[in-house]
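For the sequence shown, the residue numbers in mature numbering (1 follows the signal peptide of the UniProt record, and there is no 0) are -24 to -1, 1 to 114.
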Amino acid sequence: MLKIFLKISLLLFSIWIHNSNVLAEKTFSAACRRQFTIVNGKGVCVQASPDDHQYSCVVDSCHERVGDLSYNYVEMTACTHDGSVNKGQSKQNCAQYQFMHNNNGGYFTCTNPAGYHYTCERNQHNIYRQLTCSKCTK
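Quick look at the structure:
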């Protein structure tokens, strides 16, 4: 009886190990050049061409490295506050952003950590800013 129990236990253990390896999702690192937004607690990351695939990422795995420092936002310049009568430009820390195409070459939408929405110019500073996420799935 003990031998049968051990054989069944070994068989069930083997099946469990196999299924856990099959069910485990492979994670990728993704550079969110085109978009990083947060939807239902997950980071939505879109890389630039040729891979315009949308990745689902663990938000805490997304950072921009500047020297030895790491930030969970990207700094963008030439931003105007959406809906404000004051059209002065400012520098913003964009926790979420998305590149939008238009006839003038495009612009970035930006949401800062406080939840305020901005529109930022497509310029030499902003086009190279991106969060990179280390724990993403396709």
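Heads up, the beta-carbon is just placed ideally off N, CA and C, and yes, glycines get one too.
Note to self: If I measure Cβ to Cβ from V22 and keep anything under 7 angstroms in the same chain, skipping five residues before and after, which residues do I get?
What the structure shows: The residue given as residue 22 occupies position 46 in the sequence shown. Annotation for V22: C8, R10, Q11, D28, Q30 place their beta carbon closer than 7 angstroms to its own, counting only its chain and skipping 5 residues before and after.
Check: By Cβ distance below 7 angstroms, which residues in the same chain neighbour Y47 in space, the five residues on each side in sequence not counted?
Finding: The count along the sequence shown starts at 1 and reaches residue 47 at position 71. Once the five neighbours on either side are set aside, the close Cβ partners of Y47 are H39, E40.
Item checked: Close beta carbons around M76, own chain, < 8 angstroms, minus the five adjacent residues each side -> Position 100 of the sequence shown holds residue 76. Sequence-distant Cβ neighbours of M76 in its own chain, meaning closer than 8 angstroms and more than five residues away, are G82, Y83, F84, T85.
Notebook entry, point to check: Are the region 89 to 104 and the region 51 to 59 in contact at 8 angstroms, needing three or more beta carbon pairs?
Noted result: At 8 angstroms Cβ cutoff, the stretches touch.
Next item on the list: Kindly indicate which three-state DSSP category T69 falls into: helix, strand or coil?
Entry: Here residue 69 refers to the residue found at position 93 when the sequence shown is read from its first residue. What sits at residue 69 in the sequence shown is Asn, not Thr. Looking at N69 - three-state DSSP - the assignment turns out to be strand.
Item checked: Extent of the continuous beta strand (DSSP E) to which A90 belongs -> As a position in the sequence shown, residue 90 is number 114, starting the count at 1. For A90, there is no enclosing beta strand (DSSP E), as DSSP gives it neither H nor E.
Check: In three-state DSSP terms, what is N(-4)?
Finding: In the sequence shown, residue -4 corresponds to position 21, counting from 1. With a pLDDT of 45 at N(-4), under the threshold of 50, the modelled position of that residue is not reliable, and no figure is offered here.
Next item on the list: Using 10 angstroms around the beta-carbon of Y49, count the other beta-carbons present and answer buried if the total reaches 16, otherwise exposed.
Entry: Translated into the one-based positions of the sequence shown, residue 49 becomes position 73. The residue is buried, with at least 16 neighbouring Cβ atoms inside 10 Å.
Checklist line | Close-in-space but distant-in-sequence residues of the same chain around H93 (CB under 8 angstroms, 5 per side omitted) | finding: As a working note, residue 93 is residue 117 in the sequence shown. If we look at H93 and ignore the five residues flanking it on each side, its Cβ neighbours are H57, D58, G59, T85, C86, T87.
Notebook entry, point to check: Taking just the CA atoms, how far does N16 sit from S32?
Noted result: Position 56 of the sequence shown, counted from the start, is the residue given in the question as residue 32. Position 40 of the sequence shown, counted from the start, is the residue given in the question as residue 16. Using only the alpha carbons, I get a separation of about 11 angstroms.
Margin query: Rounding to the nearest angstrom, what Cα-Cα distance links D44 and K63 in this structure?
Written below: On the sequence shown, residue 44 is found 68 positions in, with the first residue counted as 1. On the sequence shown, residue 63 is found 87 positions in, with the first residue counted as 1. When rounded, the separation of the alpha-carbon atoms in D44 and K63 is 34 angstroms.
Next item on the list: Return the CA-CA distance between V35 and H101, expressed in angstroms with no decimal places.
Entry: As a working mapping, residue 35 is identified with position 59 in the sequence shown. As a working mapping, residue 101 is identified with position 125 in the sequence shown. Each residue's Cα considered, the two are about 24 angstroms apart.
Next item on the list: Kindly indicate which three-state DSSP category V34 falls into: helix, strand or coil?
Entry: The count along the sequence shown starts at 1 and reaches residue 34 at position 58. DSSP, reduced to helix, strand and coil, places V34 outside both helices and strands of the structure shown, so it counts as coil.
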